[in-house]
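To start, the structure itself, in structure tokens.
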Amino acid sequence: MKAPRFWDKGGLFGHLLAPVSMIWAAGARRQRLSSRPVSVGAPVICVGNVVAGGAGKTPVAIDITRRLINLGHRPALLSRGYRGRIEGPVRVDRDVHIAADVGDEPLLLAEVADAWVSRDRVAGAKATVAAGADVIVMDDGLQHHRIAKTGSLLVIDGGQGFGNGRIIPAGPLREPVSDAAARVDAAVIIGDDGAHARAHLPPDLPVLRASVVANPDVAQDLKGRKVFAFAGIGRPEKVRRTLTDLGSDVVGWRAFGDHQTLYRGELEDMLEEAERLGAVPVTTAKDHVRLPTVFRPLVRRLDVALVWQAPDAVDALITRLVSRQTNR
């Protein structure tokens, strides 16, 4: 689904839905206060957000996992497998599973380290430990309270911030920002803080800054070329902006809802349009893993990486979180 426009800037609908938001917020807080977190036998680092839709959690989770590997750990990634039909716990096998089985993000996570999907995330976390993981990285789960977490990161899209500041359904927030910020060890703002998210965070909360950049090989290949781009992520316009910044000439563009399944007819139409325009078909890594196998060689995958302003501070934070003896 695509987020309604009033979630960004507010308006009459947000005002009218505010009473329903109060019920949602009360329910979320009650669920959190009534939960009794369970220790799963290994440190758990949660990479989450406070808004519905994309904020950049998966690139952060992937980067944190790579850093853990470089620090000598055996991390595993844990996801609930949004929109996948397998309940789990199951280890993602990229040679066997497709997005319809486990969701699109777990397929990306599995390119880095062992990735598991499980509707019951406590059972999933325990399965990763039984399989040999010594650290668990949760992709999403800040509002999941059954697992005792060693530490948590709040990921924020600098362009989106917290939208209109209202709770679902009046706005994009899953819970009040103050509630989420009180449970995390640091915030991660991705991109320029154009929405002034920092001003809404506690002044003593550490804030890490990062940017998402295209893979250098992809950037070089697409620079100066005509492209036909399509994306079905939380904020698809970021893809178009990234390609423009690379120097690509975006002559065709289609935006879809987050996690939206693309069917053969739609894909064939886009490929025909790209050919007519003399353009390279391009999509995000998350969209690419959702494509039917036959279409993947025909579409260029826009791989990205996270670049931190202070990478040493990130490593120091990870080391501190993993070494904690008491889960939070």
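Take the sequence shown: its letter number 140 is residue 228 in the working numbering, and every next letter is one higher. Note that CB positions come from ideal geometry on N, CA and C, so glycine has one too.
- The beta carbon of Leu355 lies closer than 6 Å to those of Phe383 in the same chain, with the five residues before and after it left out.
- Residue pairing for Ile255: DSSP places it in a beta bridge opposite Leu261.
- For Phe94, the enclosing alpha helix (DSSP H) starts and ends at Phe94 to Lys97.
- DSSP places Ile174 outside both helix and strand once states are collapsed to three, so it counts as coil.
- Just measuring C-alpha positions, the residue of Asp375, Ala367, Ala307 and Ala236 sitting nearest Ala343 is Asp375.
- The DSSP-derived three-state label of Lys314 is strand.
- In the DSSP annotation of this structure, Thr372 is not part of any alpha helix (DSSP H); the continuous beta strand (DSSP E) holding it starts and ends at Val368 to Thr372.
- Collapsing the DSSP output to three states places Ile186 in coil.
- Residues of the same chain with a CB within less than 8 Å of the CB of Leu196, apart from the 5 flanking positions on each side, are Thr146, Ile150, Ala373, Lys374 and Val377 in chain order.
- For His185, the number of other beta carbons within 10 angstroms of its own is at least 16, and it is reported as buried.
- Of all alpha-carbon atoms in Leu293, Asp228 and Arg254, the one lying nearest the alpha-carbon of Arg93 is that of Arg254.
- Arg179 sits away from Arg207, with the two beta carbons spaced by 8 Å or more.
- Note on Leu104: under 16 other CB atoms within 10 angstroms of its CB, so exposed under the neighbour-count rule.
- In this chain, the alpha helix (DSSP H) harbouring Ile157 covers Lys145 to Asn158.
- Beta-bridge partners of Val295 (DSSP): Ala275.
- Taking the CA atoms as reference points, Val395 sits about 23 Å from Gly229.
- Following the DSSP letters along the chain, one finds Ser206 in no beta strand (DSSP E), marked with neither H nor E.
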